[in-house]
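This report refers to the structure that appears directly beneath it.
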Ligand code: ATP
Ligand code: MG
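Numbering (the working numbering), first residue to last: 35 to 213.
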């Protein structure tokens, strides 16, 4: 069977197991209070840039954009839980966006723009979606997850399969160790 000519893509950060488990536990706790659907543990991530549907033939150009990014490794500590009323999402986030993460997303966005791929107008706010269609904000807004050391970022394909969505990591780019 030939592959579809278009594909749905996004750039993301994937948590290590300890962080993932803490996020998954927070999701279950929030769902008990607010209902909705938890993100399965294996799908927990931070979206850096949502590309959306594009021609598969442009994958190479996209990878060149990512490979040109020069950013240092950083720690992303997930310390807060929040709720966005407009889309009814319970999320986990950091108190501040690390400068290296800001730089990573800015470079990626600028490189992709030169390829004619536009991102969102909104400022990037790093977050992990824990619960969708939640009816309320979680009562406790603090989150105790282990430190998240981020060594790389990834390009992910969002594949519709069996009525759901699967995420396949297509490529990974290491961040540079701090000097
Ligand atoms: P579904 O849409 O079926 O609920 P999903 O949201 O898990 O599944 P995608 O829609 O492919 O899968 O989204 C992949 C990632 O990109 C998710 O983190 C999602 O929040 C984010 N995303 C999706 N659409 C947009 C968008 N228009 N702008 C920014 N981020 C988006
Ligand atoms: Mg979606």
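Backbone N, C-alpha and C fix where the C-beta goes; we use that ideal spot for every residue, glycine too.
Near residue 291, what residues of its chain come up, given a Cβ to Cβ distance below 8 Å and the 5 sequence neighbours on each side ignored?
Residue 291 is absent from the model: the chain starts at 35 and stops at 213.
Assuming residue 186 and residue 213 form a contact by the criterion Cβ under 8 Å, report the distance between their Cβ atoms to the nearest whole angstrom.
As a position in the chain shown, residue 186 is number 152, starting the count at 1. As a position in the chain shown, residue 213 is number 179, starting the count at 1. About 18 Å; that fails the 8 Å criterion.
Unbroken alpha helix (DSSP H) runs of length 4 or more, entirely within the segment 92-171: which are they?
Along the segment 92-171, the alpha helix (DSSP H) occurs as fully enclosed runs of 4 or more residues at 93-101, 133-148, listed in sequence order.
Pull every residue with its beta-carbon under 6 Å away from any heavy atom of the ligand ATP, and keep them in chain order.
42, 44, 81, 84, 154, 163, 192, 199
Under 8 Å between C-beta atoms of residue 146 and residue 99:
Along the chain shown, read from residue 1 onward, the residue named residue 146 stands at position 112. Along the chain shown, read from residue 1 onward, the residue named residue 99 stands at position 65. Yes, the Cβ-Cβ distance between residue 146 and residue 99 is below 8 Å.
Nearest CA to the CA of residue 42: which residue from 205, 207, 211, 201?
Your numbering for residue 42 matches position 8 in the chain shown. Out of 205, 207, 211, 201, 201 has the C-alpha closest to the C-alpha of residue 42.
What is the rounded straight-line gap between the Cα of residue 51 and the Cα of residue 175?
Within the chain shown, residue 51 is the residue found at index 17, counting from 1. Within the chain shown, residue 175 is the residue found at index 141, counting from 1. C-alpha separation (whole angstroms): 22 Å.
Taking residue 178 as the reference, give the member of 114, 156, 189 with the closest Cα.
Here residue 178 corresponds to residue number 144 of the chain shown, with the count starting at 1. The candidate whose alpha carbon is nearest that of residue 178 is 114.
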